[in-house]
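Chains as they are written, first to last, in the working numbering: chain E, 180 to 476; chain P, 2 to 333.
The block underneath contains the structure these notes are about, expressed in structure tokens.
This is the structure we're talking about:
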């Protein structure tokens, strides 16, 4: 192992933050669905893949990049809503385990359909803006990575505005706090569930499109991204949006550091080791919370 | 006592006898080695699904990483026989011990979790083990795998043909079936059903729920480990790919098709999913140009969603409940 200078560490941390921003977006979608519906959506990563795939497809039809971006987000949002109506809505009272198995089934179905439609060849999306990478204190950061962090930040602001400043957001939060009480106040849990799926599909799609220029777009890219987003959500406590932001960034930086300093092959294993440690550390608190919830039902 | 009375009084014994006759005579009239080889894979999957059903259906503990234990059994057998030249049977035994102790240790921690968290923890564990298979190259041969696993032999008799191996695998299936039927229809089985119903209530009548869950986990991974060993000694090669996340999901699909809490369902689920895969592999290329094995996952996904949405208890149990069987309902 050679000596690392400050620039190298900064490099690793910066690229960790930009990858972490992707995890943040995915984790937020998972947290939103879990809060509003109680479903752990293991299919979240597939929205990311779909977002990237549709953006590539629209772009290849000579649609301008910005328009392709928006159209792709819209398409994936509709798909998310369709999935909610087909799979989650009919089984509202099913057990946690059944619901998880359903989302796993949805995830592999989407992956399989993507394989049918787009095949297994990787696709490319150009960087949003060309040009030389920026350099800060000896660390270089490509323009696309800035786009990722910037877009994630913008999306966070929009989401904050929606949840905190609008009536719709208030209804959504009410539903997350107590579904029964919310429905007594005239908030339809079924509509809110649909809204939560729509929003988190949109979040996933944005994540997929902004990361697309840095990775190859393949039909199976969603699996790992979704699982990582999930790890981030769990680190943040699974019910907290700020927690998901911190969890995503932490995971991104940790991964980047371990890939740079230890071994890139073990990078993924480390993410899941973190998951296990966090889950076990949380388990007492979490089990208590789950049991408490069952009692009130 | 005539046949029908015997069937009614001892449904499991009769079904076992029927199974033994069907399986025993199968190679006599099926001559295609492709089909016999498919039968071997059905047997190996049946062992795995049986274990998973005990864990998920009876102990009520979800595992989204069961392929990890299958893989640990497979790799222990392969590494010990190829790298150390150990006797294959001894290697299988060591595989069982390694897998069972790993599961016991993991279980001590992981069963403090429930529901979502257990699902996610097992998923994470499965992926870590899968990545480890690819990463520790000196031991496992890395992503390209480890060839040269010897055949199984007893004395001078070598299980070198597909038919011999078919009989070996299905004998193990029948032994494990008997074992599972005994367990689920015993005190332990009743205790597990109580735990599944309500853990708090079971605890309050003196059932040590965490001990029972651990026992089930260990039993379930022993099945998985043996299946793994049988798999590598048949393929004579091991690589990480058969133990990935998709493999774990496929096992859950098999268990779900069979009906999670049904010993006979596990057998049916494994057979149905494998045969469906074989049929799809034949016919998908006719519908979709250059379709590969990967495409069959769509069908798994759809089956899984449809079954779980419409019949959360599993296909076999759901169907058995909707059809009235007056006299010969299988007791499982």
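We put the beta carbon where it would ideally sit given N, CA and C, even for glycine.
Everything numeric in this text was worked out from a predicted model, so none of it was measured.
Query: One or two residues paired with residue 320 (chain E) in a DSSP bridge; Result: E:313
Query: Inter-residue spacing [alpha-carbon to alpha-carbon] between residue 301 (chain E) and residue 400 (chain E); Result: 10 Å
Query: Simplified DSSP state of residue 302 (chain E), which is helix, strand or coil; Result: strand
Query: Those residues which DSSP pairs with residue 154 (chain P) across a bridge; Result: P:159
Query: CA-to-CA distance, residue 311 (chain E) to residue 253 (chain P), given in whole angstroms; Result: 49 Å
Query: Cβ separation of residue 175 (chain P) and residue 68 (chain P), assumed to be a contact under 8 Å, to the nearest whole Å; Result: Their Cβ separation, rounded to whole angstroms, is 24 Å, which puts residue 175 (chain P) and residue 68 (chain P) out of contact at 8 Å.
Query: Contact with chain E by residue 302 (chain P), beta-carbon distance below 8 Å; Result: yes
Query: Inter-residue Cα distance where the pair is residue 397 (chain E) and residue 391 (chain E); Result: 10 Å
Query: Contact with chain E by residue 274 (chain P), beta-carbon distance below 8 Å; Result: no
Query: DSSP three-state assignment for residue 261 (chain P), whether helix, strand or coil; Result: coil
Query: Residue 56 (chain P) vs residue 221 (chain P) beta-carbon contact at 8 Å; Result: yes
Query: Residue-chain proximity (residue 257 (chain P), chain E), Cβ-Cβ < 8 Å; Result: yes
Query: Whole alpha helix (DSSP H) elements within the region 374–429 of chain E, 4-residue minimum; Result: 400–414
Query: Listed by chain order, chain E residues near residue 117 (chain P) by CB distance under 7 Å; Result: 219, 275 and 279
Query: Amino acids of chain P, ordered along the chain, whose beta-carbon sits closer than 8 Å to that of residue 455 (chain E); Result: 122, 125, 126 and 129
Query: Option nearest residue 62 (chain P) by Cα separation, candidates P:15, P:135 and P:217; Result: P:217
Query: Local Cβ density within 10 Å of residue 14 (chain P), reported as buried at 16 or more and exposed below that; Result: exposed
Query: 3 or more residues per run - each beta strand (DSSP E) lying fully within the region 124–148 of chain P; Result: none
Query: Residues bridged to residue 239 (chain P) [DSSP beta-bridge criterion]; Result: P:147
Query: Interface residues of the region 197–230 of chain P facing chain E [CB-CB below 7 Å]; Result: none
Query: Short-range partners of chain E found in the region 234–245 of chain P, where Cβ spacing is below 8 Å; Result: none
Query: Reference residue 482 (chain E); option with closest CA among E:366, E:241, E:425 and E:307; Result: Only positions 180 to 476 of chain E appear in the structure, and residue 482 (chain E) is not among them; the question remains open.
Query: Top-ranked residue by Cα proximity to residue 238 (chain P), from P:93, P:283 and P:79; Result: P:79
Query: Distance between residue 223 (chain P) and residue 198 (chain E) (C-alpha atoms, nearest Å); Result: 40 Å
Query: Selection from P:243, P:167 and P:247 that minimises the alpha carbon distance to residue 40 (chain P); Result: P:167
Query: Three-state secondary structure assigned by DSSP to residue 297 (chain P); Result: helix
Query: Contact list for residue 448 (chain E) against chain P, beta-carbon separation under 8 Å; Result: 128, 129, 132, 133 and 136
Query: Min CB distance residue 51 (chain P) to chain E below 8 Å; Result: no
Query: Length of the line joining the Cα atoms of residue 23 (chain P) and residue 161 (chain P); Result: 22 Å
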